[in-house]
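What the sequence shown shows, in mature numbering (1 follows the signal peptide of the UniProt record, and there is no 0), is residues -19 to -1, 1 to 443, in sequence order. Note that the Cβ used here is the ideal one computed from N, Cα and C, for glycine as well.
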Amino acid sequence: MTSLIVLAALAASLGKVHAQAQLTVNVGSTQQQIDGFGVSQAFGRAAEFRDMLSGAPQRQGLDYLFNTTTGAGLTIIRNRIGSGPVASDCILPRNPGGPSATPDYVFDEDDRGQVWFTQRAMEYGVKTIYADAWSAPGFMKTNGVEVNGGYLCGTPGHGCSSGDWRQAYANLLVQYVKFYAGRGMPITQVGFLNEPDYVTSYSSMQSGANEAASFIPILYDTLERQGLGNVSIACCDAIGWNSQRAMTQGLISQGVERYLGYITSHMYTGDPNSPINTRLKTWQTEGADLNSRWCATWYSNGGLCEGMTWANKIHTGLANANLSAYIYWQGVEVNQFQASSYLVASDGRVVTPSGRLWAFAMWSRFVRPGAYRVATSGSVSSTGVTAFRNTDGSVIVVFLNNGGWQQSVRVSFNGFAPAVAEAYVTDNSRSMASTSAALSGGAVTVSVPARGMLTVKLTASV
Ligand SMILES: *[C@@H]1O[C@H](CO)[C@@H](O)[C@H](O)[C@H]1NC(C)=O
Ligand SMILES: *[C@@H]1O[C@H](CO)[C@@H](O)[C@H](O)[C@H]1NC(C)=O
Ligand SMILES: *[C@@H]1O[C@H](CO)[C@@H](O)[C@H](O)[C@H]1NC(C)=O
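Written out as structure tokens, the structure is:
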């Protein structure tokens, strides 16, 4: 009797394993374009990466971030345009005496290690360099310091006895872009705010839509006048998605959407879960687990430090919120108190990737800049699906299985004839491990592991 029950249960479980889902990828039905995935090494983390790691461990850290064979193949970096009152942090550390006095810009050729980090990223083929200011220098702000909020002098409702500093702030940002351009590092996006809806004791400047809208055309014209009209303006890196949604509607009603290239948001007070109503591309530009100790776990109980948790956030952003990019907070950190706000940890010798890094890699290694997300039809139990067409014609399908059962899926294609398939899995026992993908009659069959991911890459000809 007992063995019969066991047999019946076994048969039922085998049945679940073998029930095959059918999915169709409509390769011609394109949705948002993908710019990529990335990290920052702001606030000196780039210099620590360079100085506290050397030789093989340093190379391994870079490979984990950027290598498309052994790492995540990230394609975006987000640098900080510093605003502190010292030349190591800001290209204009001292007040020139007023908004129209000649500024004495200095570039220390290091930028807290970000010059080194940018050059290394570019060696791996990274072309998307987002430079973002957290604040204007203190002397340009209502509170006189670069920390603790305060507004840019001259924005609506924020007059200062020293005058209107909006043009001077635009000049500083454009000069920063020129310093990088002059050294062969073309910044592609420039931002002038970071969490303008949050006041804190490090670099911090407040802004609502009205303040931003009064500055954006000035920055736009300044870029144009300096021959840098090829650099896009990104706004506003609000602390959470709904805050950025509201700010975006404010910018649109003020008529400044046309000066912008990107809408950018963080995820700390709300994840990207539905589209922001804009014709611009939207990016999630900073997300992290700020609460947990370091964890490299793929899946345990759904905690914020786990890889599966971030795989779900990235999936939701791409599938439901029309995101074109997803950027974690920091990449590699050395001896930084063992938090989970970075993807790769090192004690100076051993370099350890996290499950979160592999969550990014399951998209980033295969879905390359310029790809378009494409529509799918059909569904797979407990499993999220996103599909993409790369500029080289290859098609990528990414599965994220939150269920406790392996899922077998047969994927067919409209508008595409696959000739070669390769697949990789990540779960609690494997990171980016090669697995089988059986091609037959123009369809591919794969097995998506329980509480894991599978990415299949299909190419049309050998
Ligand atoms: C990526 O890693 C592979 C394997 O170790 C190596 O051969 C290749 O040179 C690396 N790519 C770059 C751009 O460093
Ligand atoms: C933009 O144009 C400037 C000036 O020609 C050039 O130095 C820079 O590399 C260009 N930047 C991009 C992102 O193409
Ligand atoms: C998605 O974003 C693109 C810009 O990348 C935009 O043109 C399109 O309208 C957006 N779609 C939705 C559903 O919001």
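Spanning the alpha carbons of residue 2 and residue 364 requires a straight line of approximately 10 Å. Between ligand 2 and residue 208, a heavy atom-to-CB distance of less than 7 Å is present. Residue pairing from DSSP leaves residue 141 without any beta-bridge partner.
Setting aside the 5 residues that flank it on each side, residue 155 is surrounded in the same chain by 203, 204, 207 and 209, each with a C-beta closer than 7 Å to its C-beta; the list follows chain order. Contact annotation, residue 251 with residue 223: C-beta distance approximately 5 Å; criterion of less than 8 Å satisfied. Contact annotation: residue 61 and residue 115 have beta-carbon atoms nearer than 8 Å. Your pair residue 240 and residue 197 checks out as a contact, with CB atoms roughly 5 Å apart and the cut at 8 Å.
Secondary-structure assignment with DSSP links residue 310 through no beta bridge to anything. Not a single heavy atom of ligand 3 lies less than 7 Å from the C-beta of residue 265.
Between the alpha carbons of residue 4 and residue 68 lies a distance of about 56 Å. In the DSSP assignment, residue 198 falls outside any beta strand (DSSP E) and within the unbroken alpha helix (DSSP H) covering 190 to 206. When the alpha-carbon of residue 242 is set against those of 309, 169 and 281, the nearest one is in 169. Residue nearest to residue 382 within the set 110, 6, 337 and 433 is 433 (criterion: CA-CA distance). Segment contact: the stretch 261 to 278 against the stretch 334 to 350, three or more CB-CB distances shorter than 8 Å; contact assigned. With the rule of 3 Cβ pairs closer than 8 Å, the stretch 317 to 324 does not count as touching the stretch 66 to 80. For residue 434, the three-state secondary structure derived from DSSP is strand. Apart from sequence neighbours up to five positions away, the residues of its chain that approach residue 28 with a beta-carbon distance below 6 Å are 93 and 94, ordered along the chain. Annotated three-state conformation of residue 44 is helix, per DSSP.
The beta carbon of residue 430 sits closer than 6 Å to those of 387, 406 and 408, all from its chain and outside the five residues before and after it, given in chain order. Here the C-alpha atom of residue 354 lies approximately 14 Å from the C-alpha atom of residue 437. Every alpha helix (DSSP H) of 4 residues or more that sits fully in the stretch 122 to 170 is shown, in chain order, as 147 to 162. If you keep only unbroken alpha helix (DSSP H) runs of at least 4 residues inside the stretch 294 to 365, you get 336 to 345. Contact fails between the stretch 48 to 66 and the stretch 83 to 90, because fewer than three Cβ pairs, one in each stretch, are under 8 Å apart. Residue range 95 to 104 is occupied by the alpha helix (DSSP H) that includes residue 100. Remark: C-beta atoms of residue 18 and residue 56 approach each other more closely than 8 Å. In this structure, the CA atom of residue 43 is about 13 Å from the CA atom of residue 32. Each of 441, 332 and 349 was checked against the Cα of residue 107, and the nearest Cα belongs to 349. Distance from residue 217 to residue 193 at the Cβ level is roughly 6 Å; contact confirmed, criterion being Cβ atoms closer than 8 Å.
Contact between residue 127 and residue 184 holds, since their C-beta atoms are separated by about 5 Å, short of 8 Å. Taking the CA atoms as reference points, residue 299 sits about 19 Å from residue 215. Burial is judged here by how many other beta carbons sit within 10 angstroms of a residue's own beta carbon; residue 22 has at least 16 and is buried.
Under DSSP, residue 76 shares a beta bridge with no residue.
Between residue 401 and residue 440 the beta-carbon gap is near 5 Å, inside 8 Å, which marks them as a contact. Residue 172 carries a strand assignment under DSSP once its states are collapsed to helix, strand and coil. Shown here for residue 313: same chain residues with a beta carbon closer than 6 Å to its own, the five before and five after excluded, namely 30, 42 and 325 in chain order.
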